[in-house]
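Novice: Just so you know, the protein sequences line up as chains U and S, in that order. Numbering-wise (this note's numbering), the first sequence opens with residue 192 and increments by one. Numbering-wise (this note's numbering), the second sequence opens with residue 579 and increments by one. All residues carry an ideal CB built from backbone N, CA and C; glycine is no exception. Predicted, not measured: the structure shown is a model, and the values here were computed from it.
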Amino acid sequence: MSIWVHEDSKVLVQGITGSQGTFHATRMIEYGTDIVGGVTPGKGGQTVDLPGRSVPVYDSMAEAVSDTGADVSVIYVPARFAASAIIEAAEAFHELNDGGMIVCITEGIPTLDMVRSIGHIADKPGVRLIGPNCPGIITPGDQGGCKVGIMPGYIHAKGRIGIISKSGTLTYEAVAQTMSIGEGQTTCIGIGGDPVSGTGFIDCLAAFEEDSDTEAVVLIGEIGGTAEEDAAAWAAENFSKPIVGFVAGATAPPGKRMGHAGAIISGGKGTAEEKFAAFEAAGIHVARDPSAIGEVLRGVLIEAGLRET
Amino acid sequence: MNIHEFQGKALFRESGIAVQDGVHCTNVEQALAAYDSLGSEVVAVKSQIHAGGRGKGSLYAPDTGELVMEGGVKIAFSRKEVENYASNILGHRLVTKQTGPAGKMVNNLYIEAGCAIAHEYYLALLVDREADSVLIMASTEGGVDIEEVAENTPEAIHKEWVDPREGLQNEQKNSLADSLGLTGSAHDSFVEMIGQLERMFVERDCSMIEINPLVRTEGDIMIALDSKVSFDDNASFRHPWRAELRDLSEEEETEVRANKSGLSYVKLDGNIGCLVNGAGLAMASMDVIKLYGGEPANFLDIGGGANKESITTAFGIILEDPNVEGILVNIFGGIIRCDMVARSIIDASREVGLEVPLVVRFSGTNHKEGKEVLESSALDVITTSTLADGAEAIVGAIGGGSS
Numbered sequence: 192m193s194i195w196v197h198e199d200s201k202v203l204v205q206g207i208t209g210s211q212g213t214f215h216a217t218r219m220i221e222y223g224t225d226i227v228g229g230v231t232p233g234k235g236g237q238t239v240d241l242p243g244r245s246v247p248v249y250d251s252m253a254e255a256v257s258d259t260g261a262d263v264s265v266i267y268v269p270a271r272f273a274a275s276a277i278i279e280a281a282e283a284f285h286e287l288n289d290g291g292m293i294v295c296i297t298e299g300i301p302t303l304d305m306v307r308s309i310g311h312i313a314d315k316p317g318v319r320l321i322g323p324n325c326p327g328i329i330t331p332g333d334q335g336g337c338k339v340g341i342m343p344g345y346i347h348a349k350g351r352i353g354i355i356s357k358s359g360t361l362t363y364e365a366v367a368q369t370m371s372i373g374e375g376q377t378t379c380i381g382i383g384g385d386p387v388s389g390t391g392f393i394d395c396l397a398a399f400e401e402d403s404d405t406e407a408v409v410l411i412g413e414i415g416g417t418a419e420e421d422a423a424a425w426a427a428e429n430f431s432k433p434i435v436g437f438v439a440g441a442t443a444p445p446g447k448r449m450g451h452a453g454a455i456i457s458g459g460k461g462t463a464e465e466k467f468a469a470f471e472a473a474g475i476h477v478a479r480d481p482s483a484i485g486e487v488l489r490g491v492l493i494e495a496g497l498r499e500t
Numbered sequence: 579m580n581i582h583e584f585q586g587k588a589l590f591r592e593s594g595i596a597v598q599d600g601v602h603c604t605n606v607e608q609a610l611a612a613y614d615s616l617g618s619e620v621v622a623v624k625s626q627i628h629a630g631g632r633g634k635g636s637l638y639a640p641d642t643g644e645l646v647m648e649g650g651v652k653i654a655f656s657r658k659e660v661e662n663y664a665s666n667i668l669g670h671r672l673v674t675k676q677t678g679p680a681g682k683m684v685n686n687l688y689i690e691a692g693c694a695i696a697h698e699y700y701l702a703l704l705v706d707r708e709a710d711s712v713l714i715m716a717s718t719e720g721g722v723d724i725e726e727v728a729e730n731t732p733e734a735i736h737k738e739w740v741d742p743r744e745g746l747q748n749e750q751k752n753s754l755a756d757s758l759g760l761t762g763s764a765h766d767s768f769v770e771m772i773g774q775l776e777r778m779f780v781e782r783d784c785s786m787i788e789i790n791p792l793v794r795t796e797g798d799i800m801i802a803l804d805s806k807v808s809f810d811d812n813a814s815f816r817h818p819w820r821a822e823l824r825d826l827s828e829e830e831e832t833e834v835r836a837n838k839s840g841l842s843y844v845k846l847d848g849n850i851g852c853l854v855n856g857a858g859l860a861m862a863s864m865d866v867i868k869l870y871g872g873e874p875a876n877f878l879d880i881g882g883g884a885n886k887e888s889i890t891t892a893f894g895i896i897l898e899d900p901n902v903e904g905i906l907v908n909i910f911g912g913i914i915r916c917d918m919v920a921r922s923i924i925d926a927s928r929e930v931g932l933e934v935p936l937v938v939r940f941s942g943t944n945h946k947e948g949k950e951v952l953e954s955s956a957l958d959v960i961t962t963s964t965l966a967d968g969a970e971a972i973v974g975a976i977g978g979g980s981s
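1. Any beta-carbon of chain U closer than 8 angstroms to the one on S981 (chain S)?
2. Going straight from the alpha carbon of A313 (chain U) to that of E796 (chain S), what length do you get?
3. Relative to the C-alpha of G344 (chain U), which candidate in U:E221, U:L488, U:G450, U:T213 has its C-alpha closest?
4. V911 (chain S) bridges to which residues according to DSSP?
5. Mind pulling the chain U residues with CB within less than 9 angstroms of P818 (chain S)?
6. How many Å lie between I787 (chain S) and L704 (chain S) at the Cα?
7. In its own chain, which residues sit with a C-beta less than 6 angstroms from the C-beta of S245 (chain U), not counting the 5 before and 5 after it?
8. Report all residues from its chain with a CB closer than 7 angstroms to the CB of G335 (chain U); omit the five preceding and five following residues, and keep chain order.
9. With DSSP run on the structure shown, which of helix, strand or coil describes L589 (chain S)?
10. Counting only Cβ-Cβ distances shorter than 7 angstroms, please list the residues of the stretch 194-223 of chain U near chain S, keeping chain order.
11. Which runs of the alpha helix (DSSP H) spanning at least 4 residues fall entirely within the stretch 757-817 of chain S, listed in chain order?
12. Is C337 (chain U) helix, strand or coil when you go by DSSP?
13. Any idea if D289 (chain U) is buried or exposed, counting beta-carbon neighbours within 10 angstroms, 16 or more meaning buried?
14. Where S753 (chain S) and A764 (chain S) are concerned, what is the direct C-alpha to C-alpha distance, given to the nearest angstrom?
15. Tell me whether the beta-carbon of L841 (chain S) lies closer than 8 angstroms to the beta-carbon of A892 (chain S).
16. Below 8 angstroms on the Cβ atoms is my guess for G630 (chain S) versus V807 (chain S); work out the distance and round it to an integer in Å.
17. Does the count of Cβ pairs from the stretch 420-436 of chain U and the stretch 851-863 of chain S closer than 8 angstroms reach three?
18. At what residues does the alpha helix (DSSP H) containing H215 (chain U) begin and finish?
19. DSSP three-state call for I850 (chain S): helix, strand or coil?
20. Do we get a CB-CB distance below 8 angstroms when we pair E400 (chain U) with the residues of chain S?
21. Please return the same chain residues whose Cβ sits closer than 6 angstroms to the Cβ of I380 (chain U), not counting the five positions on each side in sequence.
22. Taking only heavy atoms of the ligand FAD into account, decide whether any of them is closer than 7 angstroms to the Cβ of A629 (chain S).
23. Can you pull the chain S neighbours of V387 (chain U), defined as C-beta to C-beta under 7 angstroms?
24. Where do the ends of the alpha helix (DSSP H) carrying K234 (chain U) lie?
25. Taking Cβ positions only, does T891 (chain S) come closer than 8 angstroms to chain U?
26. Kindly indicate which three-state DSSP category T890 (chain S) falls into: helix, strand or coil?
27. Taking the Cβ atom as the reference point for each residue, do Y613 (chain S) and R657 (chain S) lie within a distance shorter than 8 angstroms?
28. Can you look up D225 (chain U) in the DSSP assignment and give me helix, strand or coil?
29. Looking at chain U, is there any beta carbon in it that lies within less than 8 angstroms of the beta carbon of I960 (chain S)?
30. Within a Cβ cutoff of 6 angstroms, which residues of the same chain sit near G257 (chain U), ignoring the five residues on either side of it in sequence?
31. Could you check which residue in S:L668, S:Y700, S:G692, S:Y699 has the C-alpha nearest to that of N685 (chain S)?
32. Could you name the residues of the stretch 935-965 of chain S whose beta carbon sits closer than 9 angstroms to any beta carbon of chain U, in the order they occur along the chain?
33. Name the two residues that bound the continuous alpha helix (DSSP H) containing V256 (chain U).
34. Excluding sequence positions up to five away, which residues of its chain have a Cβ less than 8 angstroms from the Cβ of I352 (chain U)?
35. Give me the Cβ distance between V834 (chain S) and L846 (chain S), rounded to the nearest whole Å; I'm assuming they're in contact under 8 angstroms.
36. On the DSSP bridge list, what partners appear for S842 (chain S)?
And the structure:
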């Protein structure tokens with residue numbers, strides 16, 4: 192198995208007629224994702240030509256969900272409209288399905304818009320949001336798989352390692368590290384680097400704990416906030432599988448935002464050292480160098496009796 | 579984006595939040611005129627810089643480095659003292675624990691009418707990233723370093739979270755007022771103020787409003803004696819009025835310029851320049867340089883939409899830093915193709931006249947093609963496949979760690 196998105200997931204693309212939406216819908220379908228349609232208000236009734244199929248465009252998420260039975264939506268709309276897109280998707284999934292997965296790729300969404308969006312999702316237990324400002328989620332399959340986002344699909348392979356990360360390209364780095372020791376992935380999730388976002392580390396860990404195919408997890412954090420510390424404390428009590436952890440930003444100066452809106456050491460809090468220390472206290476196997484994640488993981492798997500060499 | 583105290587107070591006034599009368603000045607004559615016009619015997623003479631800790635900071639002459647005055651916020655009891663303090667502040671460098679040792683040049687001054695203070699409190703509104711909501715914090719321990727209060731006596735800070743769908747409730751406002759021990763007219767004026775602050779926070783897309791101190795006057799009225807306001811940059815598109823409040827002299831010029839080209843740049847103190855795609859990978863690249871004994875000169879994320887122009891700008895910005903002795907490029911190709919980056923590097927190195935050692939690590943989309951492009955060019959470059967090899971190579975190429 193895998194978590195949250197699978198080879199049979201039916202995926203909608205919000206903003207499908209925009210250049211980003213069409214570009215990535217094409218890449219996703221090439222990977223094997225079952226793209227069943229898209230939403231662009233005012234363009235309902237049109238179709239978009241993707242490799243091997245032509246998919247319908249709807250004016251609203253409600254129409255799209257009821258017509259296609261989709262259970263996943265990926266958002267590529269501009270930042271100023273993204274919060275409304277999230278809320279619209281949440282309401283459609285909640286009312287028409289028992290829930291659904293929303294993956295918001297858009298970066299630069301106003302923080303208070305995200306506060307409002309999360310408020311809307313909070314009372315819809317079946318609805319899950321990943322992101323915003325993230326690469327998305329991918330479950331590699333036997334052939335192709337389900338890629339919902341902007342990550343390069345070909346670097347992945349089906350396997351037994353779960354990956355969770357706040358960063359985009361650093362997630363790819365972690366994927367490449369698992370591949371360097373011949374390990375594939377169950378599911379890789381980029382949770383995004385914004386201060387206010389949907390799914391967090393603990394949600395991902397809880398799902399990986401339940402997933403029998405996932406045998407170890409690589410967790411990539413970065414400076415700012417306390418999500419890494421909270422995840423470490425939770426994992427110490429509730430997570431039975433080995434975790435390899437890395438935190439980016441050990442050399443970042445205090446008070447400076449390092450690219451991601453959430454990546455800032457403020458008031459002396461949120462440093463990489465605190466997070467590494469929390470990892471170690473929780474029994475997480477720390478890689479101080481992201482190029483060493485593969486070797487640390489190899490050692491961990493051998494120690495757990497999951498690998499010979 | 580941060581703004582000055584006097585600008586924050588102007589926004590407070592517009593929102594009906596009580597502040598003392600005050601005048602923004604940029605020279606001593608204006609400061610004296612302000613004193614005359616305020617009609618208050620006692621005034622506060624306040625340095626205006628974006629960093630905190632002004633009251634406990636020190637002012638230095640920019641040319642000689644000589645100490646001019648202790649304290650960047652002064653209480654003046656006469657016209658003569660206003661003149662003295664204003665001339666000691668303006669045109670001098672204020673060093674506080676938040677500015678770093680170089681301090682900040684003070685070009686702006688705020689002259690504010692004094693008031694009879696009965697007690698000082700602390701009040702702040704900010705986005706709580708763990709709770710995904712706006713958090714209001716109030717404490718009776720005002721006028722001091724709130725981080726120390728949080729560390730030593732966390733129970734002295736009362737917190738209320740605003741439900742994004744319900745808004746700030748009357749019970750919450752009362753509970754905050756009660757936590758400060760306020761009664762009578764002070765209680766009423768606090769409850770009114772907190773409602774206005776919460777409205778301002780949301781309407782103007784703030785990321786923080788901090789009032790330290792918030793004071794209760796001897797007349798039992800609550801007044802915001804300080805203001806520290808910062809805005810969420812992501813929301814700037816719907817607040818065109820912000821442009822007028824922006825003080826570019828408070829920002830790093832290269833960081834502003836980088837930003838205009840879609841780059842995210844932060845200058846550091848080391849000697850190895852970095853050019854990376856992705857914020858997390860850019861931080862990790864700095865960390866790995868350090869692990870191999872080097873010191874990163876900067877954080878630089880070229881972003882997902884990088885092209886030849888922005889990569890050329892990035893090289894230019896890195897090389898403007900005279901400390902840079904070598905450059906590490908670290909690209910994990912996704913949407914960005916390594917061969918495009920390779921061609922851009924070759925063009926950029928010609929355009930900016932690259933003379934320091936260059937190491938390029940390519941992985942991901944078209945990494946083989948990218949390496950071929952670099953290796954078949956006349957450019958003197960070391961290529962690697964892993965970040966660790968890249969960091970080791972650049973540290974070796976400049977002859978070890980920081981000199």
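Specialist: A quick look at the data gives this:
1. Since pLDDT at S981 (chain S) reaches only 45, below the 50 mark, its modelled position is unreliable, and no value is offered.
2. 45 angstroms
3. U:E221
4. As written in the sequence, residue 911 (chain S) is Gly, which differs from the Val given in the question. G911 (chain S) pairs with S:G942.
5. Within chain U, no residue comes near P818 (chain S); the closest Cβ sits about 13 angstroms away, beyond 9 angstroms.
6. 7 angstroms
7. T238
8. Y222, G223
9. helix
10. none
11. 762-781
12. strand
13. exposed
14. 14 angstroms
15. yes
16. With a Cβ gap of about 12 angstroms, G630 (chain S) and V807 (chain S) do not count as contacting.
17. no
18. 210-222
19. strand
20. no
21. I328, I355, C395
22. Judged by which ligands are present, the structure shown has none, so any question about the ligand FAD falls away.
23. V705, R707, D710
24. Element bounds for K234 (chain U): n/a, residue is neither H nor E.
25. no
26. helix
27. yes
28. strand
29. no
30. According to the sequence as given, residue 257 (chain U) is Ser; it is not Gly. The residues are L287.
31. S:L668
32. S941, G942, T943, T964, L965
33. 252-259
34. T369, E374, G375, Q376, T377, T405, E406, A407, V408, V409, L488
35. Wrong, their Cβ atoms sit about 17 angstroms apart, outside the cutoff.
36. S:D879
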